[in-house]
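The structure under discussion appears below in the form of structure tokens.
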Amino acid sequence: GTLTQNRMKVDTLSFDTDPTLLFEALATNTSAHLDTSNPNEVQVLGNPTEGALLLWMHDQGISYKPIRENTELLQRMVFSAERKFMASQIFSSALQTQAIYLKGAPEVVMSRCSNILNEQEVREQIAQFQARGMRTLAFAYRLVSPQEEDEHIEKLVDQRDMVFLGYAAIADPIRADVPRAIQTCMEAGIEVKIVTGDVSDTACEIARQAGLWRESSDQMLLTGAEFAALSDEEALAIAEKLSVLSRARPSDKLRLVRLLQQQGNVVAVTGDGTNDAPALNYANVGLSMGSGTSVAKEASDVILLDDSFVSIVHAVRWGRSIYQNIQRFLQFQLTINVVALVLMVLGPLIGVNLPLTITQMLWVNLIMDTFAALALASEPSNAEVLKSAPRKVSDFIINRQMGVNILSQSLFFLILLVGLMLFFHHNEGGMTPYKLSFFFTAFVLLQFWNLFNARCLGSVRSAFSGLAKNPWFLTIVGIIIGLQVVIVQFGGKVFRTVPLSFKDWIILILCSSCVLWIGEIRRFIARHRSSKEKQTIDYA
0 GTLTQNRMKV
10 DTLSFDTDPT
20 LLFEALATNT
30 SAHLDTSNPN
40 EVQVLGNPTE
50 GALLLWMHDQ
60 GISYKPIREN
70 TELLQRMVFS
80 AERKFMASQI
90 FSSALQTQAI
100 YLKGAPEVVM
110 SRCSNILNEQ
120 EVREQIAQFQ
130 ARGMRTLAFA
140 YRLVSPQEED
150 EHIEKLVDQR
160 DMVFLGYAAI
170 ADPIRADVPR
180 AIQTCMEAGI
190 EVKIVTGDVS
200 DTACEIARQA
210 GLWRESSDQM
220 LLTGAEFAAL
230 SDEEALAIAE
240 KLSVLSRARP
250 SDKLRLVRLL
260 QQQGNVVAVT
270 GDGTNDAPAL
280 NYANVGLSMG
290 SGTSVAKEAS
300 DVILLDDSFV
310 SIVHAVRWGR
320 SIYQNIQRFL
330 QFQLTINVVA
340 LVLMVLGPLI
350 GVNLPLTITQ
360 MLWVNLIMDT
370 FAALALASEP
380 SNAEVLKSAP
390 RKVSDFIINR
400 QMGVNILSQS
410 LFFLILLVGL
420 MLFFHHNEGG
430 MTPYKLSFFF
440 TAFVLLQFWN
450 LFNARCLGSV
460 RSAFSGLAKN
470 PWFLTIVGII
480 IGLQVVIVQF
490 GGKVFRTVPL
500 SFKDWIILIL
510 CSSCVLWIGE
520 IRRFIARHRS
530 SKEKQTIDYA
């Protein structure tokens with residue numbers, strides 16, 4: 000249901016017996032229901048696989064409700080991943096005696112039957128449906144003698160003298176957007192593994208349709224029994240290579256999660272059943288289905304309301320984007336802090352006692368803490384984050400690229416600002432209020448243009464790319480530049496400023512913008528180099 004549409008429909012239902020018995024088996028040995036209140040769209044309530052069988056009856060013009068209502072349920076064995084079958088002991092209105100109906104995995108059901116007509120042919124037909132990615136179920140029954148009526152149903156089922164009723168092949172088409180989502184995961188450095196109770200042929204076909212299974216690769220397929228037979232050392236050695244685990248039990252899923260975590264992996268698990276709860280709970284991230292059981296939802300961290308694998312990819316994209324937005328803000332903030340701190344220390348040494356006043360620093364802090372946080376945190380998710388490898392859990396939030404950017408940008412700003420301070424200080428008249436206003440504006444405008452560079456952290460895109468998608472950013476940069484003009488032109492003694500001429504503003508804006516243009520040139524070169532490398536790979 001995560002990779003497929005979870006809209007199961009019977010493709011083929013083959014039986015060589017009285018259809019009355021088959022209809023009774025389908026109607027009584029199930030926990031599903033149909034909502035027929037809307038004749039144009041019959042809804043399945045309960046297990047989709049069992050619901051598909053009831054829908055098949057509905058399409059044949061047979062209502063399951065009268066059959067179920069006229070049948071007395073005596074004992075039941077609910078389906079489990081370990082047993083791989085479901086059994087119900089009833090008083091059969093069709094047979095007028097007690098009977099047991101069995102439904103489950105073909106190999107399990109057929110092993111409890113005797114004298115199956117054309118058994119080899121039936122097995123070959125079932126295998127063909129499984130190879131086409133369909134889910135297959137087999138059906139059987141046995142009469143209960145008066146002497147056996149008080150026996151437990153589990154003992155009766157194990158007698159292995161059942162009569163084979165037939166089998167069904169149920170199709171569940173893969174979601175159209177899944178292959179692309181799987182490919183996106185691979186590009187993002189996320190490995191995807193299929194763990195299923197279905198047989199190997201069905202699991203491999205679904206994996207192939209999803210783009211996960213390639214015959215020529217060194218991927219590995221195991222059944223649950225084969226995996227369970229491995230020692231811990233052997234299982235640990237192949238855990239990362241394993242792509243498909245078929246006929247798996249809940250314990251196999253849990254074991255695989257633990258082995259992958261032992262190797263330092265961060266593991267997310269999807270599941271919808273009660274039996275999935277241990278793996279969901281033990282995983283780093285448990286993802287239960289919206290259509291799943293309440294036990295699975297309680298054991299999970301996230302509930303996928305639409306049951307779609309694509310939603311997981313969207314969540315990864317947003318998670319990485321939000322983390323990157325935090326990094327962008329930190330880079331921008333630390334750059335301003337380093338520059339402001341060094342300027343306040345060097346100023347008195349040069350002879351300028353107070354390069355920036357307290358009120359000016361408060362305005363700078365407002366830009367740095369509030370406006371920048373809003374502007375950079377509101378950046379929408381970017382698909383480029385899914386083209387890089389996942390970060391390690393132990394990684395420090397300030398990575399190498401950020402450290403280089405903070406140091407290089409701070410050094411560049413300090414060279415410009417200290418040079419401007421020295422020029423003004425040693426020029427005629429020293430640091431006059433006019434020159435201090437010019438210096439203050441130069442400091443703010445350098446950080447203003449650097450805000451555009453900060454939004455490109457982790458990307459080689461242009462700073463102007465996607466600006467229209469972030470109205471918050473445009474609004475905030477407009478507020479910053481507008482208030483800076485107001486403060487300088489009308490701040491007076493409060494901000495220790497005097498008005499600058501229009502020519503001064505033009506010079507300041509043009510000269511300070513070199514910060515942005517240098518960043519744009521670097522990103523353009525990086526994009527060009529990346530494009531050439533991609534063309535070389537594609538050609539090869």
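Anchor point for the sequence shown: position 427 equals 426 in our numbering, and the numbering is continuous, going up by one each time. Every residue gets a Cβ at the ideal spot worked out from N, C-alpha and C, and that includes glycine. Remember, predicted model here, so these are calculated numbers, not experimental data.
Please say whether residue j and residue i have beta carbons closer to each other than 8 Å?
i: L44; j: L33; result: yes
i: W212; j: V243; result: yes
i: A209; j: I169; result: no
i: G263; j: T292; result: no
i: A187; j: V351; result: no
i: N336; j: A376; result: no
i: V542; j: C184; result: It is not possible to answer for residue 542, since the shown part of the chain is limited to 0 through 539.
i: L72; j: T19; result: no
i: F451; j: L515; result: yes
i: L253; j: A278; result: yes
i: A228; j: L259; result: no
i: I366; j: Q446; result: yes
i: L12; j: G165; result: yes
i: L333; j: I405; result: yes
i: A126; j: D200; result: yes
i: I486; j: W362; result: yes
Compare the C-alpha of residue i against each of the options and name the closest.
i: N5; options: N37, F226, Q42; result: Q42
i: I479; options: T369, S529, N381; result: T369
i: V177; options: E204, L444, T3; result: T3
i: V266; options: G289, F494, V198, I189; result: I189
i: F331; options: E378, L94, S287, A453; result: A453
i: G285; options: S299, N274, L415; result: S299
i: V198; options: G223, Q218, R179; result: G223
i: Q326; options: I61, I311, F442, G402; result: G402
i: V312; options: A382, Q95, I396; result: A382
i: M85; options: N46, L116, E68; result: N46
i: W544; options: A104, A228, H425, I475; result: Outside the displayed span of the chain (0 to 539) sits residue 544, for which this structure offers no information.
i: R246; options: P347, E232, A282, A104; result: A104
i: I397; options: K8, G457, F423, G196; result: G457
i: I321; options: S250, V77, V156, P379; result: P379
i: F463; options: R522, F328, R495, L419; result: R522
i: L385; options: F395, L444, T334, G318; result: G318
i: E232; options: R248, Q261, L101; result: Q261
Tell me the rounded alpha-carbon separation between residue i and residue j.
i: P432; j: R460; result: 40 Å
i: V121; j: K468; result: 59 Å
i: A98; j: Q74; result: 10 Å
i: A276; j: Q359; result: 57 Å
i: R399; j: G132; result: 46 Å
i: I505; j: V493; result: 24 Å
i: E40; j: R141; result: 35 Å
i: T135; j: A234; result: 29 Å
i: E49; j: I302; result: 23 Å
i: S287; j: F308; result: 11 Å
i: C510; j: T440; result: 12 Å
i: C455; j: V497; result: 35 Å
i: E118; j: K240; result: 36 Å
i: F226; j: W471; result: 53 Å
i: A24; j: N37; result: 26 Å
i: G490; j: L416; result: 22 Å
i: I536; j: S529; result: Confidence at I536 is low in this model, with a pLDDT of 45, below 50, so the placement of that residue should be treated as unreliable; the coordinate-derived value is given next. Approximately 11 Å between the Cα atoms of the pair.
i: L410; j: H424; result: 20 Å
i: Y538; j: D15; result: Because Y538 carries a pLDDT of 45, less than 50, the predicted location of this residue cannot be relied on, and the following value inherits that uncertainty. If you take the alpha carbons of Y538 and D15, they lie about 57 Å apart.
i: A202; j: F78; result: 20 Å
In terms of residue numbering, what span does the alpha helix (DSSP H) encompassing residue i cover?
i: D149; result: Note, D149: premise wrong, no alpha helix (DSSP H); not H, not E.
i: Q129; result: 118–130
i: S13; result: Careful: S13 lies outside any alpha helix (DSSP H), inside the beta strand (DSSP E) at 8–14.
i: L416; result: 399–425
i: A234; result: 231–237
i: I486; result: 470–489
i: F438; result: 432–453
i: G270; result: From DSSP, G270 is part of no alpha helix (DSSP H) but of the beta strand (DSSP E) over 267–270.
Could you give the first and the last residue of the continuous beta strand (DSSP E) run that contains residue i?
i: D197; result: Unbroken run through D197: none, as it is neither H nor E.
i: K102; result: 96–103
i: I245; result: Ile is not the amino acid found at residue 245; the sequence shown has Ser there. Taken as a continuous stretch (DSSP letters only), the beta strand (DSSP E) holding S245 covers 241–245.
i: A139; result: 134–142
i: T222; result: 219–222
Kindly examine the ligand SAM and report whether one of its heavy atoms sits closer than 7 Å to the Cβ of residue i.
i: N69; result: Ligands in the displayed structure: none, and consequently the ligand SAM is not present.
Jot down the residue ranges of each uninterrupted alpha helix (DSSP H) in the segment 280–321, minimum 4 residues, whole runs only, in chain order.
-> 293–298
Contiguous beta strand (DSSP E) assignments of at least 3 residues, all confined to the segment 24–93 = 32–34, 42–44, 71–76, 84–91
Any alpha helix (DSSP H) of 4 or more consecutive residues that is wholly inside the segment 314–365 = 357–364
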